[in-house]
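Residue numbers (our numbering): 7 to 318. Glycine is no exception: its CB is placed at the ideal position from the N, C-alpha and C atoms. Some notes on the structure that comes next.
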């Protein structure tokens, strides 16, 4: 089924494939599917917890993947293991190191920020990831699921936003005047069903990984071709039509075309309304990141105009 999905997706002009789960490497033919995706010309990103990456697998993945994201939530083993189980920090760290040793350089240490690890400085996390061989370190806040996990995992946003603001300001200062800065991407909607599709192991198509729920099942590749599902499934066409103009509170926001109204999956998890605004604390985060991108872009323009004069 996975190989059939890859072949059909070519007809839609798909360029990027993300292999994820659950844990994708639990599937006995996962490496073969990844190699097939590469053979077909896709840019392949593997998302994995890293627990099953040993040298033989690492060598195959190094040839077939353009990027491998390893789940690593903290430089502190206690904090990571609190999220993912005893001993998982050691094994995830080892996976990053093994990939580097077999010559693969495009490893991302990808973490989830929760109330348990939000106080860790990003610079400390990035330094630890780099010491293992990761090319980049990235962390994103826990996304509300609308269940009991939220109370245990959701960050404390007032302190989280205050610290993040300080770190972003420092990043802009360090970037002067010539280093790479955050860019702007115009968007008027979420990418679900628009630039993104998710396909389950059983061949059922969904708008995105975050909306892999029965009510968002768009069709099965066992019954219909992907192109038909993408273009005609009501759940996909309806979701694609939702823009920032349709989301209460977004239409007048000055940052609306930088965040696109936020993740529809987040809004749905909390409200069970796909057109609802995202929770206010996540909106505040989106606005802070938008301000950072605007500042970085403005600084780039000033640098481009002034040349080396900013150094004097």
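Per DSSP, which one or two residues make a beta bridge with residue i?
i: residue 349; result: Nothing about residue 349 can be read from this structure; the chain reaches only from 7 to 318.
i: residue 116; result: 77, 144
i: residue 24; result: 51
i: residue 165; result: Partner(s): none; residue 165 has no beta bridge.
i: residue 204; result: 212
i: residue 225; result: 211
i: residue 198; result: 202
Whole angstroms is fine: what's the gap from residue i's alpha carbon to residue j's?
i: residue 247; j: residue 201; result: 13 Å
i: residue 132; j: residue 234; result: 43 Å
i: residue 11; j: residue 199; result: 16 Å
i: residue 21; j: residue 85; result: 36 Å
i: residue 259; j: residue 228; result: 43 Å
i: residue 184; j: residue 110; result: Since pLDDT at residue 184 reaches only 48, below the 50 mark, its modelled position is unreliable, and the value read off the structure follows with that caveat. Looking at the two C-alpha atoms, the distance is approximately 28 Å.
i: residue 13; j: residue 46; result: 8 Å
i: residue 7; j: residue 230; result: 13 Å
i: residue 108; j: residue 167; result: 38 Å
i: residue 220; j: residue 56; result: 29 Å
i: residue 122; j: residue 156; result: 12 Å
i: residue 116; j: residue 158; result: 20 Å
i: residue 9; j: residue 42; result: 7 Å
i: residue 272; j: residue 287; result: 12 Å
i: residue 173; j: residue 106; result: 28 Å
i: residue 171; j: residue 294; result: 7 Å
i: residue 210; j: residue 23; result: 16 Å
i: residue 214; j: residue 61; result: 32 Å
i: residue 83; j: residue 269; result: 30 Å
i: residue 136; j: residue 114; result: 10 Å
i: residue 239; j: residue 245; result: 10 Å
i: residue 296; j: residue 152; result: 26 Å
From which residue to which residue does the alpha helix (DSSP H) around residue i run?
i: residue 266; result: Unbroken run through residue 266: none, as it is neither H nor E.
i: residue 98; result: 94-107
i: residue 250; result: Taken as a continuous stretch (DSSP letters only), residue 250 belongs to no alpha helix (DSSP H), as it is neither H nor E.
i: residue 110; result: That residue, residue 110, is in no alpha helix (DSSP H); it is neither H nor E in DSSP.
i: residue 87; result: 83-90
i: residue 283; result: Taken as a continuous stretch (DSSP letters only), residue 283 belongs to no alpha helix (DSSP H), as it is neither H nor E.
Can you name, in chain order, every residue of its own chain whose Cβ lies under 6 Å from the Cβ of residue i, other than the five neighbours on each side?
i: residue 53; result: 26, 75
i: residue 16; result: none
i: residue 119; result: 145, 147, 161
i: residue 81; result: 130, 131, 134
If I measure Cβ to Cβ from residue i and keep anything under 8 Å in the same chain, skipping five residues before and after, which residues do I get?
i: residue 206; result: 212, 218
i: residue 71; result: 40, 44, 50, 51, 52, 110, 112
i: residue 321; result: The structure shown does not extend to residue 321, since the chain spans only 7 to 318, so no value can be given for it.
i: residue 67; result: 37, 40, 52, 59, 74, 105, 110
i: residue 165; result: 124, 125
i: residue 93; result: 87
i: residue 280; result: 245, 248, 270, 273, 274
Excluding sequence positions up to five away, which residues of its chain have a Cβ less than 7 Å from the Cβ of residue i?
i: residue 314; result: Unreliable placement is indicated for residue 314, whose pLDDT of 31 sits below 50; the coordinate value is still reported in the next sentence. Answer for residue 314: no residue qualifies.
i: residue 254; result: 283
i: residue 285; result: 150, 276
i: residue 311; result: Any answer about residue 311 is weak, because its pLDDT of 35 lies below 50 and its placement is not dependable; what the coordinates show is given next. Same-chain partners within the cutoff: there are none.
i: residue 266; result: 193, 194, 195, 196, 250
i: residue 103; result: 138, 139
Determine the extent of the beta strand (DSSP E) in which residue i is found, giving its start and end residues.
i: residue 210; result: 210-212
Decide if residue i is buried, meaning its Cβ has at least 16 other Cβ atoms within 10 Å, or exposed.
i: residue 99; result: buried
i: residue 126; result: buried
i: residue 69; result: exposed
i: residue 96; result: exposed
i: residue 225; result: buried
i: residue 257; result: exposed
i: residue 32; result: exposed
i: residue 77; result: buried
i: residue 34; result: exposed
Using 9 Å as the limit for Cβ to Cβ distance, is residue i near chain C?
i: residue 194; result: This model lacks chain C altogether; it includes just one protein chain.
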